[in-house]
Amino acid sequence: MDIHRCRFVEYTPSPITALAFSHQLSSQDPLPSNLHLAVGRANGNIEIWTPKGDWCLKGVLYGGLNRSVEGLAWSVSEEELRLFSIGFSTSITEWNLRTGKPLVHQDSNAGAIWSISLHEETKTLAIGCDDGSCVLFDINGGRGVIEYKRTLMRQTSRILSLCWQGKNHLVGGCADGIVKVWDVESPNSTIIARMQVDRAKKGSRSLVWDVKSLNDDTIVTADSSGAVKFWNGKYFTLTQSFKLHSADALTLAVSSNGNIVFSSGIDRKTIQYTRDGGKREWVSNSFRRFHSHDVRCMSILECKTVDVLVSGGTDMMLAVVPVRQFNSKHHRMIPAVPQKPRMAIATKARLFMLWEDHQVLVWRIGSPGYRFLLKIVLPNEENIVHAAISQNGELLAVSTILTTKLYRIHYTDEKVYVESIEDAFLANVGATLLQFTVDMKKLILISNESDIFLIDLSRIETHQLEVFEVSQPETKKAPAKSKANAQTVCEGIATVTVSPDGDYFAVADLNGNTFCYSLSTLSYIELPRVNSFVRAMAFRPDVGGRLAVVTAGNQVFEFDVQSRKLTEWSKANLNNMPKPFAHLLDKPFGAFFDIQNPSRFWIWSANYVSFFDLNLNLPAPRNAEKRKMEGTVDGVSSTKQRAAVQNSTATSKFGTGTSRSFWITHKYRPMLLVGLVGAAELLVVERPIADMLMSTDVPGTFYEHRFGA
Numbered sequence: 003m004d005i006h007r008c009r010f011v012e013y014t015p016s017p018i019t020a021l022a023f024s025h026q027l028s029s030q031d032p033l034p035s036n037l038h039l040a041v042g043r044a045n046g047n048i049e050i051w052t053p054k055g056d057w058c059l060k061g062v063l064y065g066g067l068n069r070s071v072e073g074l075a076w077s078v079s080e081e082e083l084r085l086f087s088i089g090f091s092t093s094i095t096e097w098n099l100r101t102g103k104p105l106v107h108q109d110s111n112a113g114a115i116w117s118i119s120l121h122e123e124t125k126t127l128a129i130g131c132d133d134g135s136c137v138l139f140d141i142n143g144g145r146g147v148i149e150y151k152r153t154l155m156r157q158t159s160r161i162l163s164l165c166w167q168g169k170n171h172l173v174g175g176c177a178d179g180i181v182k183v184w185d186v187e188s189p190n191s192t193i194i195a196r197m198q199v200d201r202a203k204k205g206s207r208s209l210v211w212d213v214k215s216l217n218d219d220t221i222v223t224a225d226s227s228g229a230v231k232f233w234n235g236k237y238f239t240l241t242q243s244f245k246l247h248s249a250d251a252l253t254l255a256v257s258s259n260g261n262i263v264f265s266s267g268i269d270r271k272t273i274q275y276t277r278d279g280g281k282r283e284w285v286s287n288s289f290r291r292f293h294s295h296d297v298r299c300m301s302i303l304e305c306k307t308v309d310v311l312v313s314g315g316t317d318m319m320l321a322v323v324p325v326r327q328f329n330s331k332h333h334r335m336i337p338a339v340p341q342k343p344r345m346a347i348a349t350k351a352r353l354f355m356l357w358e359d360h361q362v363l364v365w366r367i368g369s370p371g372y373r374f375l376l377k378i379v380l381p382n383e384e385n386i387v388h389a390a391i392s393q394n395g396e397l398l399a400v401s402t403i404l405t406t407k408l409y410r411i412h413y414t415d416e417k418v419y420v421e422s423i424e425d426a427f428l429a430n431v432g433a434t435l436l437q438f439t440v441d442m443k444k445l446i447l448i449s450n451e452s453d454i455f456l457i458d459l460s461r462i463e464t465h466q467l468e469v470f471e472v473s474q475p476e477t478k479k480a481p482a483k484s485k486a487n488a489q490t491v492c493e494g495i496a497t498v499t500v501s502p503d504g505d506y507f508a509v510a511d512l513n514g515n516t517f518c519y520s521l522s523t524l525s526y527i528e529l530p531r532v533n534s535f536v537r538a539m540a541f542r543p544d545v546g547g548r549l550a551v552v553t554a555g556n557q558v559f560e561f562d563v564q565s566r567k568l569t570e571w572s573k574a575n576l577n578n579m580p581k582p583f584a585h586l587l588d589k590p591f592g593a594f595f596d597i598q599n600p601s602r603f604w605i606w607s608a609n610y611v612s613f614f615d616l617n618l619n620l621p622a623p624r625n626a627e628k629r630k631m632e633g634t635v636d637g638v639s640s641t642k643q644r645a646a647v648q649n650s651t652a653t654s655k656f657g658t659g660t661s662r663s664f665w666i667t668h669k670y671r672p673m674l675l676v677g678l679v680g681a682a683e684l685l686v687v688e689r690p691i692a693d694m695l696m697s698t699d700v701p702g703t704f705y706e707h708r709f710g711a
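Positions in the sequence shown are counted from 1; adding 2 to them yields this note's numbering.
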């Protein structure tokens, strides 16, 4: 098979600017079933991750132009999870975690918001603004209710960071180098303490980038001089100071018992501070570097089964490292490339496209070389959610959270002409997934509410589109105000695929439910539920009504749609996945069947490409043991696991040549797209992290001149 290895696609993910775990736990608490990590990015998007299954991306809340996410706060109760974000504007945004849309925008009644902190017990949300205002809001009213409470005693300096010290005190780190403490319960909400940090340079005040309060009311600060200071929370006096950073210390993270503190910042060091049990003094005995650029944010998760520090920043990657074995355990870097691919292929036309914040780019693969064809820029403020291109390359659909646009592309020898298809329905409905049928006569649209619509394109020449809403099983329709629905977080339809013969399309959600619909009658067949997230799926081209599914637990299932059962291959091999595949930490990004060898089921991710031949059984393992269908939750690989994955190759026990039952390679990395552009031609689009970091959008890394004048 010929491989087109492409590295010219200049896609650069957005930097990570904020992190927040949904639950604040102790080391004795069990892992909640609805625990999530929110990851805010500079382009306004918020990713929702779960630590289950070795860190899976569940969904994305899409932002818009000039809406950088600079702070996140979760509210947790028995009935609901709520997420709030800020971003250098005058509004607090609460998100609808089921649909991915903003639920409400609440004005700050002050200046642009720079910091946010929530007191979970009193449900009081505090924000710090650039005009020096510190404003309190009450969120006890439930989802969508953010009520202005009062503004605390005013001061003139921008409030860069906030944290609660018990119920009554609010601590703010300010741009004038002073840490201020408000007494929230006093009649005038007065400032009861001011603590001055060291100046960064002569004549300039330090910026207090982050503040934290420990269980014993100790206050910890990180500032632009690179200092991390510990203050007595009762008398507001300095107890200890560390100046171990060579540049700004931007972020802090604290363990649940308050005995471990981490700091990081521009110099890329992540420094650990621990409390000496006898003297009750703080010591710093180690640091590590996980990132190649500035570290903007950190967050800690601790419970009975897992304790991890997660950090992110300008290099766009998440670092996951154990808290209590910070010095001895390997860390894990989650790839920067999108966990949900932002590229698609039109195989018959030999085209492929990329969509990013507000634009779509299309290229044609030649022989040899490539040609850039067109660029479509959307006038909307909202970021692009999804896009699809027909197999002949003549139809292109693009969606945001609010609208969907459809285009016809006309190709000539000299130029490419784009025609916009106006339709009232598409103009007023957003979509999370789009997919054209193989005959290009229908467009499948999955809305933000996971409703399924089928758009008939047979009269597209006259701009007349007919829309059909596809009925769904009752299990897919959660009651609007039920307790279960309140806990739902990004659990709608996650993937869609169509059969090559045009008979079916299939959808799957993150609960493991898969449904196949007839394109002619729109009736559905429910397939057996799998016990892990469905990451990708595809219909076999050589056998009608066969659907192959790959899950986040690195399991491959093949279903016979009509019988609603697993095929003989799946029954024989389900608990016999090859170790080089089963032990992978990277989650599958996409899957497709070969054209030349139609029984080959290709699976790819950021750092591997593999295939299974569904006509050949896998060799039986020496020690046959049933493998759990979900991985561990710690997200940190052991040395043996890492070595097994890195050194894995397609050995002879899986066969050779066309009789291979399984094959895998780690030669290409990290990948944005893998797919077919011909019967025997494979397209691999790579975006090396070094190329991402050399992008003009990424600032240079911190340089410290160590020797000489």
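Note that the Cβ used here is the ideal one computed from N, Cα and C, for glycine as well.
- In terms of Cα proximity to T569, the closest of N394, A75 and L529 is L529.
- Linking T223 to W211 through their CA atoms gives a straight-line distance of about 8 Å.
- Within the DSSP bridge table, the entry for C492 names no partner.
- Straight-line spacing of the CA atoms in V323 and G702 works out to 25 Å.
- Separation of the CB atoms of K204 and G228 is rounded to 15 Å, and the pair is thereby denied contact status at 8 Å.
- Shown here, M694 sits in a helix according to DSSP, grouped into three states.
- Contact annotation, T406 with L521: C-beta distance approximately 20 Å; criterion of less than 8 Å not satisfied.
- Taking a cut-off of 8 Å on C-beta distances, the segment 530-544 touches the segment 498-513, as three or more cross pairs fall below it.
- About 15 Å separates the CB atoms of S401 and V379; that is not less than 8 Å, and the two are not in contact.
- Taking C-beta separations shorter than 8 Å and ignoring five residues to either side along the sequence, the partners of E688 in its chain run R7, C8, R9, Y670, R671, P672, M673 and L674, following chain order.
- By the neighbour-count criterion, in which a residue is buried when 16 or more other Cβ atoms sit within 10 angstroms of its Cβ, F427 is exposed.
- Using a 10 angstroms sphere on the CB of H107, the tally of other CB atoms stays under 16, which defines it as exposed.
- According to the DSSP assignment, E683 belongs to the beta strand (DSSP E) that extends over E683 to E688.
- Residue pairing by DSSP places E416 in no beta bridge whatsoever.
- Pairing Q327 with F90, the inter-Cα distance amounts to about 36 Å.
- Cα atoms of R43 and Q341: separation of roughly 14 Å, rounded to the nearest angstrom.
- Exposed is the label assigned to N430, since fewer than 16 other Cβ atoms lie within 10 Å of its Cβ.
- The straight-line gap separating the alpha-carbon atoms of G179 and L85 is approximately 30 Å.
- Put simply, of R298, A692, V676 and D693 the residue whose alpha carbon is nearest the alpha carbon of L685 is V676.
- For Y610, the closest C-alpha among the options F595, H668, K567 and V563 is that of H668.
- Assigned with DSSP and collapsed to three states, L576 falls in coil, not helix or strand.
- Excluding sequence positions up to five before and after M442, its CB lies within less than 8 Å of the CB of S392, Q393, N394, E396, L397 and L459, all in the same chain and listed in chain order.
- Excluding its 5 nearest sequence neighbours in each direction, E122 has C-beta neighbours in its own chain below 8 Å: Q26, S77 and V78, listed in chain order.
- Three or more Cβ pairs closer than 8 Å define a contact, and the segment 295-308 meets that threshold against the segment 255-269.
- Around the CB of S369, fewer than 16 other CB atoms lie within 10 Å, so the residue is classed as exposed.
- Counting along the chain, A390 sits inside the beta strand (DSSP E) bounded by residues H388 to I391.
- Nearest in C-alpha terms to A75, of all of E358, V558 and T126, is T126.
- M319 is not a Cβ neighbour of L311, given a cutoff of 8 Å.
- Partner residues in a beta bridge of Q557, as assigned by DSSP, do not exist.
- Of the other Cβ atoms in all chains shown, fewer than 16 fall within 10 Å of the Cβ of F374; this residue is therefore exposed.
- D4 counts as exposed, since fewer than 16 other beta carbons sit within 10 angstroms of its beta carbon.
- Burial is judged here by how many other beta carbons sit within 10 angstroms of a residue's own beta carbon; H171 has at least 16 and is buried.
- Taken through DSSP and simplified to helix, strand or coil, W571 comes out as helix.
- Rounded to whole angstroms, the Cβ separation of L456 and I446 is 6 Å, and the two are in contact under 8 Å.
- For the set I221, A510 and R201, the Cα lying nearest the Cα of N234 is the one of I221.
- Rounded to whole angstroms, I118 and N575 show a C-alpha spacing of 51 Å.
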